[in-house]
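Working notes for the structure below.
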Amino acid sequence: MLEKLFKLKENHTTVRTEVIAGITTFMTMAYILAVNPTMLAAAGMDPTAVLIATCLASFVGTLAMALLANYPFALAPGMGLNAYFAYTVCGNMGYSWQVALMAVLIEGIIFIILSLTNVREAIFNAIPTTLKKGVSAGIGLFIAFIGLQGAHIVVNNDSTLLSYVRFTENWHTEGICALLALLGLMLTIILYIKNVKGSILIGILATWVMGMICQAAGWYVVDVENGFYSLYPTLQMTDFSAIGKTFGQCFTADFHGVGVFNFIVVLLSFLFVDMFDTIGTLIGVSDKAGMLDENGRLPRVKQALLADSIATTAGAVFGTSTTTTFVESSAGVGAGAKTGLASVVTGFLFLLAILFAPIFTAIPGFATAPALIFVGFLMVSAIVKIDFNNLTEAVPAYLCLIAMPLMYSIAEGIAIGVISYVVINLICGKRKKITPLMYVLAVLFVCKYIFL
94 MLEKLFKLKE NHTTVRTEVI AGITTFMTMA YILAVNPTML AAAGMDPTAV LIATCLASFV
154 GTLAMALLAN YPFALAPGMG LNAYFAYTVC GNMGYSWQVA LMAVLIEGII FIILSLTNVR
214 EAIFNAIPTT LKKGVSAGIG LFIAFIGLQG AHIVVNNDST LLSYVRFTEN WHTEGICALL
274 ALLGLMLTII LYIKNVKGSI LIGILATWVM GMICQAAGWY VVDVENGFYS LYPTLQMTDF
334 SAIGKTFGQC FTADFHGVGV FNFIVVLLSF LFVDMFDTIG TLIGVSDKAG MLDENGRLPR
394 VKQALLADSI ATTAGAVFGT STTTTFVESS AGVGAGAKTG LASVVTGFLF LLAILFAPIF
454 TAIPGFATAP ALIFVGFLMV SAIVKIDFNN LTEAVPAYLC LIAMPLMYSI AEGIAIGVIS
514 YVVINLICGK RKKITPLMYV LAVLFVCKYI FL
């Protein structure tokens, strides 16, 4: 049955290879189970509910990828997109997480429609490649910045707005957390360089264990009033009823005070970022796996995009931010994965992880910070593909990537990148490079600044 379903012989692979590769992919992605609940909790969502929703959305999306496209790509709530959800839509804009989930749901439905046609590929091709790299790098900086703050390495400062933590002040809370995060970051980097499977997850768990040791030794002191909780997990069963706190809550969104135009801006931002993240990841991982044809195109790309769209829609109903194809799938590909069987293994491991929800939700922010900072580095690496000798291409990408962390908003970075690209190329006599869609996006973003 497996042979008929996944064409193992045709793809020159075996069940054993696919199973091992599927486990490898899960190990490299499992950090999202610790990071996503922490991120979305900042939006007011219940961490346990978010973790269960994360597992369910990952299971549905990864299984859909396996059965529809027969590719070894795994899906989970995307980094960057969850930051936009929590810190921009629910943070800076002040909208409820139910409204944000509704935006994700509608985005998913739109992508299902677009994925059934050739529209999604056409939209992707209309956006300048350089700007895509700027978006990716900008999200990387933004995620790293969030990690530095979560680790208490970067703190508020009245004179310079931001500064590094004074380790000797508040040593038993902020100071020790910052030191542990730095040690965890160094460990994660070293393990990753040495090609240790699951290096990011190992870094999270090792940092957490060091924190528990410090608490036992009296170096870390619990201070609940200031947000420093006990680092020891509670040994209890997963509260499966917690999913009711997020399941279907997108349909209860109260749009009072939101406004149609404001909601459209949020929706377009989710669409824009998710589009780049998904298709860029598919192309990157497929290229590494040698799956692209002689024209550089991915066979069955429509089915792969459809699986991604289904995952996003299902994830919004379960109660999590946009679910997308993970670049960490490349770890499984590197371990020999060539078919959807590896994805099936990864998907069921995500489902099994629900049983360990109390452990994942107890992981402190300073332990997940190394993952955020290092994943930020992996995303920033896209900047090397920008041609800085072509200023009409490079400057908009630069403005896009620098605006995201400094303005604490992915949406603002995208808006500034699109507007500057159109204006600079139009005035410099390179209007032929500008697609009609870019004009439309630029006008929409300009209207946002005028009327909001």
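Numbering (the numbering used here), first residue to last: 94 to 545.
Even for Gly, the Cβ is constructed at its ideal location relative to N, Cα and C.
Quantities reported herein were computed from a predicted structural model and do not represent experimental measurements.
| Query | Result |
| --- | --- |
| Thinking C-beta only, is T417 closer than 8 Å to L168? | yes |
| Let's test the definition: count the other Cβ atoms within 10 Å of the Cβ of T261 and tell me whether it reaches 16, buried, or not, exposed. | exposed |
| Report the rounded CA-to-CA distance for S423 versus A274, giving the unit in angstroms. | 26 Å |
| Is DSSP giving T222 helix, strand or coil here? | helix |
| For Y177 versus I503, is the C-beta spacing smaller than 8 Å? | yes |
| Is DSSP giving F340 helix, strand or coil here? | coil |
| Quick check: what's the CA-CA separation for Q242 versus I199? | 31 Å |
| By DSSP, does Y257 sit in helix, in strand, or in coil? | strand |
| Would you check if the distance between the CB atom of I403 and the CB atom of V153 is smaller than 8 Å? | yes |
| Can you say whether I286 is buried or exposed, counting buried as having 16 or more other CB atoms within 10 angstroms of its CB? | exposed |
| Closest to A179 by C-alpha separation, out of T415, R524, W312 and M94, would be which residue? | T415 |
| Which class does P170 belong to by DSSP, given the choice of helix, strand or coil? | strand |
| State the beta-bridge partners of D316 as determined by DSSP. | F321 |
| CA-CA distance, A162 and P326? | 39 Å |
| Tell me which residue opens and which closes the beta strand (DSSP E) that N185 is part of. | Per DSSP, N185 belongs to no beta strand (DSSP E) and is neither H nor E. |
| With DSSP collapsed to three states, give me the class of I420. | Residue identity differs from the one stated: residue 420 is Val in this sequence, not Ile. V420 falls in the coil class under three-state DSSP. |
| Whose C-beta lies closer than 6 Å to the C-beta of M472 among residues of the same chain, with five residues either side of it excluded? | S229, I232 and G233 |
| If V108 and L434 are in contact, beta carbons under 8 Å, what's the gap, nearest whole angstrom? | 7 Å |
| Distance, Cα to Cα, A142 vs K338? | 6 Å |
| Roughly how many angstroms lie between the CA atoms of N482 and G171, to the nearest whole one? | 32 Å |
| Tell me the DSSP secondary structure of N518 in three-state form. | helix |
| What number of angstroms, rounded off, separates the C-alpha of Y491 from the C-alpha of G506? | 10 Å |
| According to DSSP, simplified to helix, strand and coil, what is V351? | coil |
| Does the Cβ of V192 lie closer than 7 Å to at least one heavy atom of the ligand ADP? | Looking at this structure, you won't find the ligand ADP or any other ligand, since it has none at all. |
| Check the C-beta distance from K226 over to K478 and give it rounded, since I have them as a contact under 8 Å. | 5 Å |
| Compute the Euclidean distance between the alpha carbons of R393 and S256, then round it to the nearest angstrom. | 49 Å |
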